[in-house]
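For what it's worth, my numbering labels the leading residue of the sequence shown as 69, then goes sequentially.
All C-beta atoms, glycine included, are put in the ideal place defined by N, C-alpha and C.
To keep things clear, I will list the structure first and then write my remarks on it.
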Amino acid sequence: MTSIIIESCLEINDRDRTEVRASFQGIIQDAPSGTSTSIVNGLSQQLIYQLQLNLPNVFLSFDDLNVDLDVAAFPYVQAPAKQGLQQAIRDRGMKMLVNSCYRTIAQQMLLYNDRFNNSNPVAPPGTSNHQTGLAIDIEDPRGWEPFLVQYGWSPLPGDPPHFDYVGGGTVDIRSQSIRAFQQLWNRNHPNAKIDEDGAFGPQTEDALNRSPAPGFAKAPWDDKPRLLKLSQPRYEGTDVIRLQEALKKAGLAVDVDGIFGPGTDKAVKELQQKKSLTVDGIVGPKTLSLMA
Ligand SMILES: [Zn+2]
């Protein structure tokens, strides 16, 4: 494994704070310099879902905990790290504000492409401590520190908002993050396949740079639908488009924009009410089957 490069989380998080994702639909290498990594949220969600299919019960969402998330902060950590987070939040008894957590290799690629414009170092995709599923950047880090350290989370000297989970029982998922991308690429390029070796070489770097920011046409949830709901970051992708089209067909007012925002949430709940389902805004198999 390459030596660890300490990135400036504060600087990266500041840059991510502006939400501009709808304005860029191109491939990663054409992304304007300095943009928020939220412009690759569509592709990032495909990478996260593929990783979860590869590593069931290892890499978990923590959006069910008492947290608030930034626009490009994907709330995923490994199972023991989530448990530690849950206990710290319970003990302190207040909401945790999370600015960054799992950073996909698509997000890392954007930052890496900009590395010569930054004074601070950027790690190559697959080698950042934010690709481990064991890292968070939070507001009020000193207030949280005594609670987090009790449950396996450790502050990173020189990088104020950053904590790593060091409590054990975890695996190194960084090469898995790269392999998930290689699988997704191959699925969408059956005639131009790359090695699924989990290594970030020139071939993978080139493929990642030529990947579409909103995600590939064939998504990992085509085989196994994901649960859709109102969340931060917003769910987006081909499955959201299909859902919105179905809602519209069912006579509900909704924009077909591929992003699961408050309007889609409202339409889903109206449909659930109409069909006497639990009105939870979660699109699972039951809600889906009523729209088929
Ligand atoms: Zn960090």
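Review point. In the region 220–287, which residue ranges form an unbroken alpha helix (DSSP H) of at least 4 residues, counting only runs that do not cross its ends?
Key: Segments of the alpha helix (DSSP H) lying fully in the region 220–287: 242–256 and 270–277.
**Study point:** Beta-carbon proximity list for GLY237, same chain, < 7 Å, skipping 5 on both sides
**Key:** Exclusion of the five residues before and after GLY237 leaves PRO148 as the residues of its chain whose Cβ lies within less than 7 Å of its Cβ.
Review point. Any chance the CB of ASN188 is under 8 Å from a heavy atom of ligand 1?
Key: Not so, every heavy atom of ligand 1 lies at least 8 Å from the Cβ.
Review point. Whose C-beta lies closer than 6 Å to the C-beta of ALA156 among residues of the same chain, with five residues either side of it excluded?
Key: Excluding positions up to five away in sequence, the list reads PHE215, LEU216 and TYR219.
Point to revise | Through-space distance from LYS342 to VAL239, alpha-carbon basis | key: In a straight line, the C-alpha of VAL239 is about 45 Å away from that of LYS342.
Check your understanding: Hey, quick one: how far does the beta strand (DSSP E) through MET42 stretch, first residue to last?
Key -> Outside the displayed range of the chain (69 to 360) lies residue 42, so it cannot be described from this structure.
Point to revise | Span separating the alpha-carbon of VAL135 from that of LEU119 | key: Each residue's alpha carbon lies about 23 Å from the other.
Exercise for review: Output yes or no for whether 9 Å exceeds the beta carbon distance between TRP289 and TYR144.
Suggested key: Against a cut-off of 9 Å, the Cβ pair of TYR144 and TRP289 comes out as no contact.
Check your understanding: DSSP puts GLN146 in a beta bridge; with which residues?
Key -> PHE127, per the DSSP bridge assignment.
Exercise for review: Taking LEU345 and THR355 to be in contact with their CB atoms under 8 Å, please state how far apart those CB atoms are, rounded to whole angstroms.
Suggested key: At roughly 6 Å, the Cβ-Cβ gap stays under 8 Å, so LEU345 and THR355 are in contact.
Point to revise | Touching by the beta-carbon criterion (3+ pairs, under 8 Å), the region 158–168 and the region 184–197 | key: By the Cβ rule, the region 158–168 does not count as touching the region 184–197, because fewer than three pairs are nearer than 8 Å.
Review point. Roughly how many angstroms lie between the CA atoms of GLN114 and PHE249, to the nearest whole one?
Key: So the two alpha carbons sit approximately 9 Å from each other.
Check your understanding: Where DSSP assigns a beta bridge to ASP82, which residues make up the other side?
Key -> ASP82 is not bridged to any residue.
Exercise for review: Say whether the region 276–284 touches the region 94–114, bearing in mind that this needs 3 or more beta-carbon pairs closer than 8 Å, one atom from each stretch.
Suggested key: Contact between the region 276–284 and the region 94–114 is present, because at least three Cβ pairs lie under 8 Å.
Review point. Smallest Cα separation from ARG242: which of GLY226, PRO223 and LEU123?
Key: Among GLY226, PRO223 and LEU123, the Cα nearest to that of ARG242 is on LEU123.
Review point. Is any heavy atom in ligand 1 found nearer than 8 Å to the beta carbon of ALA141?
Key: Distances between the C-beta of ALA141 and the heavy atoms of ligand 1 are all 8 Å or more.
**Study point:** VAL126 vs GLY201 beta-carbon contact at 9 Å
**Key:** Here VAL126 is near GLY201, since their CB atoms are less than 9 Å apart.
Review point. So VAL322 is in the beta strand (DSSP E); what residue range does that whole segment cover?
Key: Element bounds for VAL322: n/a, residue is neither H nor E.
Practice item. Could you name the residues of the same chain whose beta carbon sits closer than 8 Å to that of SER129, not counting the 5 residues immediately before and after it, in chain order? Key: Here the set comprises PRO143 and TYR144.
Review point. Is it the case that the Cβ atoms of LYS111 and ALA321 are separated by a distance below 9 Å?
Key: A quick correction: the sequence has Leu, not Lys, at residue 111. Not in contact: LEU111 and ALA321 (Cβ atoms no closer than 9 Å).
Check your understanding: Can you name, in chain order, every residue of its own chain whose Cβ lies under 8 Å from the Cβ of VAL351, other than the five neighbours on each side?
Key -> Here the set comprises LEU295, LEU296, LYS297, LEU311 and VAL336.
Check your understanding: What residues come near ligand 3, if near means a beta carbon less than 5 Å from any of its heavy atoms?
Key -> Ligand 3 is absent from the structure shown, which contains only ligand 1.
**Study point:** is_contact[GLN341, chain C] using C-beta, thresh 9 Å
**Key:** Among the protein chains of the structure shown there is no chain C, as only one such chain exists.
**Study point:** Whole-Å CB distance - GLU213 paired with PRO225, under 8 Å assumed
**Key:** Between PRO225 and GLU213 the Cβ distance is about 12 Å, and since that is not below 8 Å, they are no contact.
Review point. Roughly how far, in whole angstroms, is the beta-carbon of GLY305 from the beta-carbon of GLY283, given that I think they are within contact range, below 8 Å?
Key: Rounded to whole angstroms, the Cβ separation of GLY305 and GLY283 is 6 Å, and the two are in contact under 8 Å.
Review point. Can you round the beta-carbon distance between SER299 and ASP138 to whole angstroms, since I take them to be within the 8 Å contact cut?
Key: Not really, about 13 Å apart at Cβ, beyond 8 Å.
Check your understanding: Per DSSP, ALA203 forms a beta bridge with which residues?
Key -> For ALA203, which the question treats as bridged, DSSP gives the partners ASP232.
Review point. How many Å lie between ASP325 and SER357 at the Cα?
Key: Going from the Cα of ASP325 to the Cα of SER357 covers about 22 Å.
Exercise for review: Look at the Cβ atom of GLU79, then the Cβ atom of ASN197, and state whether they are nearer than 9 Å.
Suggested key: For GLU79 and ASN197, no; Cβs fall outside 9 Å.
Practice item. Tell me, please, which residues DSSP counts as bridged to ILE327. Key: In DSSP, ILE327 forms a bridge with GLU304.
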